[in-house]
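Enquirer:
Residue numbers (this note's numbering): 1 to 261.
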């Protein structure tokens with residue numbers, strides 16, 4: 001702690017500095033300081049507005065991607081990931097209360113920067129509806145969706161769309177047999193992968209709908225943001241919590257050698 005004499009010297013120096021400001025300079029100083037304070041408060045609000053449930057979903061999404069891509073013999077082929085323009089992950093797609101019937105889940109989607117580069121900011125979405133069935137005995141599955149062409153990407157910018165109706169969807173190939181990148185025939189807009197208890201599972205997603213989750217996006221970015229500005233224009237920064245998921249994708253597929261702009 002400074003001595004009384006030193007403290008007095010500091011106060012005197014502070015007064016001299018402030019006295020050196022003219023009225024216009026002082027006003028500009030106060031306005032600038034206020035703007036900085038508001039900016040910091042806004043950033044703190046954006047982070048504080050993200051619930052623990054959403055942060056847990058981020059972490060789980062990163063784990064799902066790591067495990068589904070990193071499986072040595074039966075994972076998502078790197079060749080398929082290299083073809084993807086956008087990737088969506090639902091870390092827990094659950095059965096509805098009536099058994100066979102409606103399903104629901106929450107997830108995140110990210111698109112490549114410039115459609116061919118590394119992975120950009122994430123947008124939150126919900127998936128629900130349809131009568132797609134699980135294998136017997138499964139209560140929930142982790143789902144990854146690869147969007148491999150422009151038409152599929154455009155659907156992500158809509159408020160909602162149906163899988164299998166508005167955009168064609170097929171079960172993606174798994175394992176080393178699908179690693180021949182340029183030899184893969186991509187006949188659908190979206191390729192799906194589902195896993196439960198560490199094993200890839202057969203889950204038909206036809207009839208389900210994907211919805212933009214504007215409320216979560218507002219919490220992530222501190223304001224209302226359109227999917228176009230998140231996924232394509234990428235006018236926002238990477239939200240808190242997304243580092244794990246994006247890091248996994250950049251590790252396994254930092255570029256898209258087969259995607260044409």
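C-beta atoms are modelled at their ideal positions from N, C-alpha and C, and glycine is treated no differently.
Here the structure is a predicted model, which is why all the values come from computation and not from measurement.
(1) State the beta-bridge partners of residue 210 as determined by DSSP.
(2) Note down the Cα distance separating residue 33 from residue 250, rounded to an integer number of angstroms.
(3) What residues in its chain sit with their C-beta under 8 Å from that of residue 186, if we drop five residues either side in the sequence?
(4) According to the Cβ coordinates, are residue 74 and residue 252 closer than 8 Å?
(5) Give the DSSP-derived three-state secondary structure of residue 171 in the structure shown.
(6) Quick check on the DSSP output: the beta strand (DSSP E) that includes residue 194 runs from which residue to which?
(7) Under a three-way DSSP split, which group does residue 64 fall into?
(8) State buried or exposed for residue 158, treating a residue as buried only when at least 16 other CB atoms are found within 10 Å of its CB.
(9) Need the endpoints of the beta strand (DSSP E) that residue 142 sits in, please.
(10) From the DSSP output, read off the bridge partner residues of residue 110.
(11) Rounded to the nearest angstrom, what separates residue 89 and residue 222 at their Cα positions?
(12) Is the CB-CB distance between residue 143 and residue 192 below 8 Å?
(13) So what does residue 199 bridge to, in DSSP terms?
(14) Since residue 223 is in the alpha helix (DSSP H), which residue starts that stretch and which ends it?
(15) For residue 246, I'd like the list of residues in its chain whose CB is within less than 7 Å of its CB, leaving aside the five on either flank, ordered along the chain.
(16) Kindly examine the ligand MG and report whether one of its heavy atoms sits closer than 7 Å to the Cβ of residue 215.
Expert: Looking at the atomic coordinates:
(1) 127, 161
(2) Because residue 33 carries a pLDDT of 39, less than 50, the predicted location of this residue cannot be relied on, and no value is offered for it.
(3) 83, 148, 149
(4) no
(5) strand
(6) 190 to 196
(7) helix
(8) exposed
(9) 140 to 147
(10) 87, 122
(11) 23 Å
(12) yes
(13) 196
(14) No alpha helix (DSSP H) contains residue 223, which DSSP labels as neither H nor E.
(15) 110, 119, 238
(16) Summarising the ligand content, the structure contains no ligands, and the ligand MG is consequently not present.
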